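Engineer:
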Amino acid sequence: MIVVGIDIAKYEHVAALLDWKPGPCSPSGKDGCKIVKFRNDLNGFLKLMTNIRGFSPDLSNVMVGMEATGHYWMALYAYLKKQGLANVFSINPMVVKAFRGSEIRKTKTDPLDARLIAKTIAVGDLKVTRDKVENYMLLQKLCRFRLNLVREQSKFKVEILTVLDTAFPEYAAVWSKERVFLKSSLMLLSKYSTAKEMAEAGSKRIDTLLQKASRGMVASEMGKELKEAANTSIYVEALEEGNSLEMKFTVEKLKLVEQQIANIEQKIEELYDSLDLTLHTVNGIGKMMAASLASEIGEISQYSNPKTLVALAGIDPTISQSGTVEKKGMKISKRGSKYLREYVYLAAFASLCQNAALRMKYNDYVSNKHKHHNQALIAVGRKILNICFYLMKTGENYVMVFPQFTDQPQKAQEPTEEELDSLISSTERNDE
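If you count by my numbering, then the sequence shown holds residues 349 to 780, one letter each, in order.
#1: Span of the alpha helix (DSSP H) holding S699?
#2: For G392, report the span of its beta strand (DSSP E) as first-last.
#3: Among residues of its own chain, excluding the 5 on either side of K596, which ones have a beta-carbon nearer than 7 Å to its beta-carbon?
#4: Put G729 into one of helix, strand or coil per three-state DSSP.
#5: Between which residues of its own chain and S532 is the CB-CB distance below 7 Å, once the five residues before and five after are set aside?
#6: Once DSSP output is grouped into helix, strand and coil, what is the label at E451?
#7: Apart from the five residues just before and just after K382, which ones in its own chain have a Cβ nearer than 6 Å to its Cβ?
#8: Considering only C-alpha positions, which residue in the set A434, L433, I465 and M422 is nearest to A363?
#9: On the CB-based measure, 16 or more other CB atoms within 10 Å of its CB, does E647 come out buried or exposed?
#10: So M565 is in the beta strand (DSSP E); what residue range does that whole segment cover?
#11: Between T406 and R463, what straight-line distance do the alpha-carbon atoms span, to the nearest angstrom?
#12: Find the nearest neighbour of M485 within the set M411, L495, Y425 and K430, judged by alpha-carbon distance.
#13: Which word fits L604, buried or exposed, when buried means at least 16 other C-beta atoms lie within 10 angstroms of its C-beta?
#14: Can you check the segment 481-545 for any alpha helix (DSSP H) of at least 4 residues that lies completely inside it and give the ranges in chain order?
#15: Are at least three pairs of beta-carbons, each pair with one atom in the segment 647-659 and one in the segment 605-621, less than 8 Å apart?
#16: When DSSP labels each residue in this structure, what does S438 get in the three-state scheme?
#17: Quick one, which of R689, L623 and E644 has its alpha-carbon nearest K480's?
#18: When you compare the segment 684-702 with the segment 632-651, are there three or more beta-carbon pairs, one atom per stretch, that lie closer than 8 Å?
#19: Let me make sure I understand the geometry here. Which of I554, V599 and L700 has the alpha-carbon closest to that of S568?
#20: To the nearest angstrom, how far is the alpha carbon of L587 from that of K686?
#21: Under the rule that 16 or more other beta-carbon atoms within 10 Å means buried, what is S699, buried or exposed?
#22: Cutting at 8 Å between CB atoms, please list the residues of its own chain near E613, excluding the five before and the five after it.
#23: In angstroms, rounded to a whole number, what distance separates the CA positions of R527 and E690?
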C-alpha cells in the first residue's frame, strides 16, 4: 500500500510518499519514503501526481491524507478525486496535533508533519474522513457565508437606527424598535427617509403605502401618527440631504442581504436534509443551527468520543503543568474552530427557552454551583456537543420527555453518561 501524507499550507504543500513499512524516514527516499514539495497550483498538483504514479501506477493502491487546514486543502482534495484517487482523506488538525503528542520526538517540521499524517492513515491510529466529504465541505462553506451575511444584516440595522437618530428620532418610538425592520417599515423608509420627507408626504400617502406593503396588517392610524411625529420632530436639518441618501442606500443593502440570506438558507436546508442527520430534533435547535453545527463537526467517524468535539470547539479547560502535577485552569482553551465555538454558544443560549433538561443544567450551575452566566452556558454547550456526538453516531431522533407530557412518544432521550461510555466502547471494538 502506497501512503501519501500531505502537510497543507497557503502557497506550498509538502507530501511524504511511503511504501508503507514502519521505520525512520529520510528525504533521500532510500528507506522507501520520499519527500516532495510542490506549489499550490496546477503545476504543483501535476508534480505530485507524477511522483505518486512513480510509486504506484495502480491508483487504487494509493491512500492520500491531508490536514484540513482552513480552506487551503480543498482545491487539492478536489483535484486528486478527479484524477481517480478514491482513497483521499482529510484529517482535522487538532487530531494530528494530539497524535504528534504521542511521538517520542517533539520536533515539528513540514516533512515530519507530512510523514506523521501518512503514518496516521497507514497504522489506523485515528479515524479519517471518507464519505460525504464534499457535502460537508459545501455545507461548511454555505454556513460560514450565511454567518457573514447575518453579521452584515445586523450591521445595516445598526446603521439605519443610527441615521434615524438625526433624521427622524421619533420614528422608532412610533413603531417600537422591534418593528422598525418590518417589510412595510423598510418600504416606507426607502421612499420617505427623513422626518422632513414624511411631513411633506402627508398621512394619506404614508397610510396607503403601509397598507399596501403590509397587506392591511398595519393599523390605519399609523400614517397619522407618523405624520404628527414628523411635524414635531427634532431632526438635524443640516444633515437632511446626507441622511436621506444614506437611509435609502442602507435600506436597499439590507433588503438585498435579507434576500441573499433567504436564498442561501434554502440551499443549506436542502444539503442538510441530504445528509440524513437528526440534530434538528433537539429542542431549541432548528435546522439552520443544526446544519451549522454539523458543518463544523463534519463526518462523525473521525471522532472517538465527545471530548474530541469539546476540544474542537475550544471550550475545554486550559491545563497548566508543573512537574508531574497537572491543573485545570478557569478559562477555556479557545483552540479549534472559532465558528463551532460560536455556534455552540448560540445553540446553548437558544436551548434555554425550549429544552427543559438543558435549562435545568444551566440553573444548577447558576443557582447551586454559583457559576457565572457564561460558565453555565459553556457547561450547556458541552452537553449539546455530547448530544450531537450521540445522535450523529446512532442516527436516532432526540425527543425531550417532560413530566407533564408523559404520553409523548419516546424515540431517543438525552444520552446518559453510561450510554455514551457504552457507545464509545462499542465504537472502539468495531475499530479493532
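Glycine included, each C-beta is placed from N, C-alpha and C at the ideal position. This one's a predicted model, so the numbers in the text were calculated from it and none came from an experiment.
Structural biologist: So, from the listed chains and residues:
#1: Residue numbering aside, residue 699 sits at position 351 when the sequence shown is read from its first letter. K686 to S699 is the extent of the alpha helix (DSSP H) around S699.
#2: For the purposes of this step, residue 392 is taken as residue 44 along the sequence shown, with counting starting at 1. That residue, G392, is in no beta strand (DSSP E); its alpha helix (DSSP H) goes L390 to F403.
#3: Indexing the sequence shown from 1 puts residue 596 at position 248. Cβ neighbours of K596 beyond the five flanking positions: S538 and S541.
#4: Along the sequence shown, one-based indexing puts residue 729 at 381. The answer is helix: DSSP assigns G729 an H, G or I state.
#5: Within the sequence shown, the letter at position 184 stands for residue 532. Excluding sequence neighbours, S532 sits near L558, A561, S562 and V566.
#6: Position 103 of the sequence shown, counted from the start, is the residue given in the question as residue 451. Note that E451 scores a pLDDT of 48, beneath 50, so its modelled location is shaky; the value from the coordinates is reported in the next line. It is coil, neither helix nor strand.
#7: Counting from 1 along the sequence shown, the entry for residue 382 is found at position 34. Here the set comprises L365.
#8: Residue 363 sits at position 15 when you count from the first residue of the sequence shown. It is I465.
#9: Numbered from its first residue, the sequence shown carries residue 647 at position 299. Per the 10 Å Cβ criterion, buried.
#10: Taking the first residue of the sequence shown as 1, we reach residue 565 at position 217. Premise fails: M565 is in no beta strand (DSSP E) and is neither H nor E.
#11: By 1-based counting over the sequence shown, the position of residue 406 is 58. By 1-based counting over the sequence shown, the position of residue 463 is 115. In the sequence as presented, Thr is not what sits at residue 406; that position holds Asp. Each residue's alpha carbon lies about 21 Å from the other.
#12: Counting from 1 along the sequence shown, the entry for residue 485 is found at position 137. The residue with the shortest Cα to Cα distance from M485 is Y425.
#13: Within the sequence shown, numbered from 1, the residue matching residue 604 stands at position 256. So L604 counts as exposed.
#14: 481-515, 519-523 and 531-539
#15: no
#16: On the sequence shown, residue 438 is found 90 positions in, with the first residue counted as 1. In the structure shown, S438 sits in a strand (DSSP, three-state: E or B).
#17: Indexing the sequence shown from 1 puts residue 480 at position 132. K480 has its Cα closest to that of L623, out of R689, L623 and E644.
#18: yes
#19: As a working note, residue 568 is residue 220 in the sequence shown. Of the listed residues, the one whose Cα sits closest to S568 is I554.
#20: Stepping through the sequence shown from its first residue, residue 587 is reached at position 239. Stepping through the sequence shown from its first residue, residue 686 is reached at position 338. In a straight line, the C-alpha of L587 is about 40 Å away from that of K686.
#21: Within the sequence shown, the letter at position 351 stands for residue 699. Taking every protein chain shown into account, the CB of S699 has 16 or more other CB atoms within 10 angstroms, so this residue is buried.
#22: Taking the sequence shown and counting its residues from 1, one reaches residue 613 at position 265. Answer for E613: R494 and M636, listed in chain order.
#23: Your numbering for residue 527 matches position 179 in the sequence shown. Your numbering for residue 690 matches position 342 in the sequence shown. Each residue's alpha carbon lies about 27 Å from the other.
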